[in-house]
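First up is the structure itself, then whatever we jot down about it.
In the working numbering, the protein residues as written are 28 to 374.
See the structure below:
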């Protein structure tokens, strides 16, 4: 049987925009899971729950922007609704993603309302409405957010899995890899935000220790084990992994970021290591998706030649796009952080 033939190499279809989308939407969805795990019945949202919802809210704003940029023509979104294809994960994603954004936004507003000061500025006075402090409404949005977050994880993984043409995509190991890696980033960011919030309001350390280090370490190890499971799941997968290691430095960068994040997770008092750990976590989650989505496309399916891909730092579909999306994330973070501090600590 002929395994390799010489044909014209195929250009990759998915561009770096989709890596940004998978990263931010995965972090947002798993941050919702984290937030609900910290929720307590008949009590106002804890500091850890608020931190996780903050992470989810920022991700839910940035992710749709990256996805819209990936479509190149935003009006194409309308076709998902006018010509609904029930068999397509992307069609279902066009329904789930807006619902997820609404759910997370509502969840975020309700957590703010439960912790808002009574003497807020006029433009924020509506947060003191009794309706927004209803425990029933808060739990309804918690459930709404979790259900849509499950849908987000399911459709994004299925969108890749359904391709069925690459061993590294069409594998049951894809779900745990995407889930555990995103959850590790979400949990790490929640820890970081929680620590910074405690520093702002001068809360004693004992009152804000809800986020432990062991779950983060466990998620990082589970991600590594899932990647190993994918690598040895078939002969084709082993060959593709070997090509990835031989063809690019990004695989090694992913491993280095994972190792740094794991080492830094054992230090809870050194602020410099905390910063390094968060950056390493973000790098690990992002580079992992780059390898699985972008680099995997360079592996030829039936061709003896590799598919070409040239990364242009000055192109909108390359470096400028990546920097722009992360710049947007920083901007949204700064604005939201200032608003949250105004609502919670206004005097």
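Yeah, the Cβ is synthetic: ideal placement off N, Cα and C, and Gly gets one too.
- Remark: C-beta atoms of residue 214 and residue 305 do not approach each other more closely than 8 Å.
- Closest by C-alpha distance to residue 369, out of 290, 316, 149, 283, is 149.
- Nearest C-alpha to residue 210 among 259, 118, 49: 49.
- Taking each of 88, 276, 139, 262 in turn and checking the Cα distance to residue 157, the smallest one comes out for 139.
- One alpha carbon belongs to residue 194, the other to residue 188, and they sit about 9 Å apart.
- Sorting 95, 317, 185, 201 by C-alpha distance to the C-alpha of residue 256 places 201 at the top.
- Put simply, the backbone Cα of residue 326 is about 8 Å away from that of residue 271.
- DSSP places residue 190 in the coil class of the three-state scheme, outside both helix and strand.
- Contact annotation: the segment 163-183 touches the segment 119-137, with at least three C-beta pairs closer than 8 Å.
- CA-CA distance, residue 245 to residue 279, rounds to 21 Å.
- By the Cβ neighbour-count rule, residue 113 is exposed, with fewer than 16 other Cβ atoms within 10 Å of its own.
- Beyond the five residues adjoining it in sequence on each side, residue 260 comes within less than 7 Å, by CB distance, of 198, 200 in the same chain, given in chain order.
- Measuring C-alpha to C-alpha distances from residue 298 to each of 283, 220, 309, 352 identifies 220 as the nearest.
- Pairing residue 282 with residue 110, the inter-Cα distance amounts to about 42 Å.
- In the three-state DSSP reduction, residue 109 falls in the helix class (H, G or I).
- With fewer than 16 other beta carbons inside 10 angstroms of its own, residue 366 counts as exposed.
- Each residue's CA atom was taken as its position, placing residue 222 and residue 262 some 45 Å apart.
- Residue state for residue 276 is assigned as coil, using DSSP reduced to three classes.
- Under the rule that a run must span 4 or more residues, the alpha helix (DSSP H) segments found entirely inside the segment 105-164 read 116-141.
- If you ignore the 5 residues before and after residue 45, its C-beta comes within less than 7 Å of the C-beta of 97, 320, all in its own chain and listed in chain order.
- A Cβ-Cβ separation of about 15 Å leaves residue 60 out of contact with residue 73 under the 8 Å criterion.
- Here residue 322 is buried. Its C-beta has 16 or more other C-beta atoms within 10 Å.
- Listed in chain order, the non-local C-beta contacts of residue 359 below 8 Å within the same chain comprise 85, 88, 89, local neighbours out to five positions each way being set aside.
- In the DSSP annotation of this structure, the continuous segment of the alpha helix (DSSP H) that includes residue 57 starts and ends at 43-64.
- By the criterion of a C-beta distance shorter than 7 Å, residue 118 is surrounded in its chain by 107, 111, 112, once the five residues flanking it on both sides are discounted.
- The closest CA to that of residue 172, considering only 248, 126, 224, is found on 126.
- Where residue 96 is concerned, the enclosing alpha helix (DSSP H) starts and stops at 74-98.
- Annotation: residue 144 to residue 186 spans about 44 Å, alpha carbon to alpha carbon.
- In the displayed model, residue 300 falls within a helix according to three-state DSSP.
- Membership of residue 67 in any alpha helix (DSSP H) is not indicated, and neither H nor E is assigned to it by DSSP.
- Taken through DSSP and simplified to helix, strand or coil, residue 285 comes out as helix.
- If you draw a straight line from the Cα of residue 240 to the Cα of residue 155, it comes to about 35 Å.
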